[in-house]
Amino acid sequence: MKICVRFVGWPASLFGKSYVWLFFENSPIILRKLLEKLELEAGIKINLKDPNLVVLINGKLAEFIGGLNATLKDMDEVIITSISGGG
Numbered sequence: 228m229k230i231c232v233r234f235v236g237w238p239a240s241l242f243g244k245s246y247v248w249l250f251f252e253n254s255p256i257i258l259r260k261l262l263e264k265l266e267l268e269a270g271i272k273i274n275l276k277d278p279n280l281v282v283l284i285n286g287k288l289a290e291f292i293g294g295l296n297a298t299l300k301d302m303d304e305v306i307i308t309s310i311s312g313g314g
């Protein structure tokens, strides 16, 4: 199973890449496992308590579809981005 993790906005600048592919033996997995593997394999630690970060799973806010327990399957796309605003 493979999942694409995309970084948009300042997370892309911070991590120095716009995306990574993560590969898993089992399917499905939960978002928590993906974030653990992201830190272990790519050295990227995501703090979901940061109010300026948003995590989307296939275009839907992760917090509304299970949060850290949201289910991921083969070829899903996870986007980690920043909240942007202006005035």
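Numbering-wise, the numbering used here puts 250 at position 23 of the sequence shown, and it's gapless, one number per residue. Quick reminder that beta carbons are idealized off the backbone N, C-alpha and C, glycines included. Remember, predicted model here, so these are calculated numbers, not experimental data.
Any idea what DSSP makes of residue i, helix, strand or coil?
i	result
S240	helix
L262	helix
L275	coil
Relative to the C-alpha of residue i, which residue among the options is closest?
i	options	result
L249	K287, D303, F242 and V235	D303
L262	P278, V235, I310 and C231	C231
I306	K300, G293 and A289	A289
M228	F251, K244 and S240	F251
Y246	L295, S311, K260 and I271	I271
K244	R259, K260, N285 and L265	L265
Is it the case that the Cβ atoms of residue i and residue j are separated by a distance below 8 Å?
i	j	result
S254	N279	no
L299	I256	yes
A297	L267	no
Sort out for me which residues DSSP pairs residue i with in a bridge.
i	result
K229	F250
S311	According to DSSP, which records beta bridges pairwise, S311 is partnered with nothing at all.
E304	C231
I292	Beta-bridge pairing links I292 to no other residue.
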